[in-house]
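See structure below.
Protein chains in written order, with the working numbering: chain A, 13 to 173; chain B, 24 to 205.
Structure below.
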């Protein structure tokens, strides 16, 4: 029997705009989580994500980015969320975002994540982040200050060890 | 029982004669996303080209951030569009022996009737102080047809993939228990 790899846990397709999308009650049976987003926004903004709806200032992240003509890096500490890209807005153009979350169910370590944002008419970004909590991740919250556009898709996969 | 996904669709390994291109055709329409694992080396040059559905029109756009350990660069598809994705690397046959590049190429919603986006990570590390590249890129193809063919080629004229270059195509299937939120 083939060994399961990416196990699909949930998927959401928006038939109308939504300000946030949440994966909740996440099974604790896997080692890592992967979120795959194919999204656009109703108007340009800087979305962010949290774990377990935690809005306390315990998110830290470092990013490298380019818009094709310039490049840079930035670091944020003690933030209330991890911003997907502080330099390039997500707009009405479709783009792919992936978030890898390691050891999400562990209770003896902070949670690290790596996300990639790919916008061929905007910014390409890679970000490594840390949620300074030893709590197991039971929900992933993908939040905008405008709305994820209708047609946006969100998929959550579990990866076994 | 857990639903298994990330299913291997096909693997191509280049034989002794080399190959001008590597093509996956008649890609089944039974998955949600596609994922390529690419390990290639070319006779010359270090640029990997990728096209969908044999489309060689100026329908590809990409932006790339890459570095060689000493310098960071950024690149953008010419005039905003190009005739292929040219934003990842091959190993080169004039570099350290037995070194092949490593590229992952993720295509969500490949069956959608909208433009297709891609997330690309690529490394060509060959134990050298130069020409050892790593980069990330984001791309889009403006075609609104389902992707049925993917073609990989070396980005330089009259060059080929050498023996043992290997590309695997996987299909990733989203769960059936998802929700459509309205």
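Heads up, the beta-carbon is just placed ideally off N, CA and C, and yes, glycines get one too.
Contacts between residue 88 of chain B and chain A, judged by CB atoms closer than 8 Å, involve 76, 77, 78, 83, 136 and 138 in chain order.
Under the Cβ criterion of 9 Å, residue 141 of chain A is not counted among the residues facing chain B. When the Cα atoms are used, residue 48 of chain A and residue 95 of chain A turn out to be separated by approximately 16 Å.
With three or more CB-CB distances shorter than 8 Å, the segment 96-105 of chain A counts as touching the segment 56-63 of chain A.
Residue environment analysis places residue 31 of chain B among the exposed positions, since fewer than 16 neighbouring C-beta atoms fall within 10 angstroms of its C-beta. For the segment 78-163 of chain B, the full-length beta strand (DSSP E) segments reaching 3 residues or more read 83-90, 95-99, 108-112, 125-130 and 139-147 along the chain. Spatial neighbours of residue 27 of chain A in its own chain (CB-CB distance under 7 Å, excluding positions within 5 residues in sequence) are listed in chain order as 162. In terms of Cα proximity to residue 116 of chain B, the closest of B:125, B:105, B:28 and B:183 is B:183. In the DSSP annotation of this structure, the continuous segment of the beta strand (DSSP E) that includes residue 195 of chain B starts and ends at 189-195.
Short of 8 Å from the beta carbon of residue 166 of chain B, and not among the five residues preceding or following it, lie these beta carbons of its own chain, in chain order: 75, 76, 78, 82, 138 and 139.
For residue 53 of chain A, no beta strand (DSSP E) segment is defined, and its DSSP state is neither H nor E. Under the Cβ criterion of 9 Å, residue 56 of chain A is not counted among the residues facing chain B. Counting only Cβ-Cβ distances below 8 Å, residue 146 of chain A has no contacts in chain B at all, with the closest Cβ about 27 Å away. For residue 119 of chain A and residue 146 of chain A, the gap between their C-alpha atoms comes out near 5 Å.
Using a Cβ distance threshold of 9 Å, residue 71 of chain A and residue 144 of chain A count as a contacting pair. Your pair residue 69 of chain B and residue 112 of chain B checks out as a contact, with CB atoms roughly 5 Å apart and the cut at 8 Å. Taking the Cα positions, residue 180 of chain B is about 31 Å away from residue 56 of chain B. With the criterion set as a beta carbon lying under 9 Å from some beta carbon of chain A, the members of the segment 134-162 of chain B are 135, 137, 138, 139, 140, 141, 142, 143, 144, 159, 160, 161 and 162, in sequence order. For residue 163 of chain B, the number of other beta carbons within 10 angstroms of its own is at least 16, and it is reported as buried. Using a CB distance cut-off of 9 Å, residue 98 of chain B counts as an interface residue toward chain A. Using a Cβ-Cβ cut-off of 9 Å, residue 53 of chain B does not count as an interface residue toward chain A, since no Cβ of chain A sits closer than that to its own. Among the residues facing chain B, residue 167 of chain A is included, as its CB has a counterpart in that chain under 9 Å away. By the neighbour-count criterion, in which a residue is buried when 16 or more other Cβ atoms sit within 10 angstroms of its Cβ, residue 121 of chain B is exposed. Annotated three-state conformation of residue 92 of chain A is coil, per DSSP. Here DSSP, grouped into helix, strand and coil, assigns residue 30 of chain A to strand. Close partners of residue 121 of chain A in chain B (Cβ separation under 9 Å) are lacking, with about 25 Å as the shortest Cβ gap.
Cβ-Cβ distances below 7 Å link residue 79 of chain A to 100, 134 and 135 in the same chain, with the five nearest sequence neighbours on each side left out; the list follows chain order.
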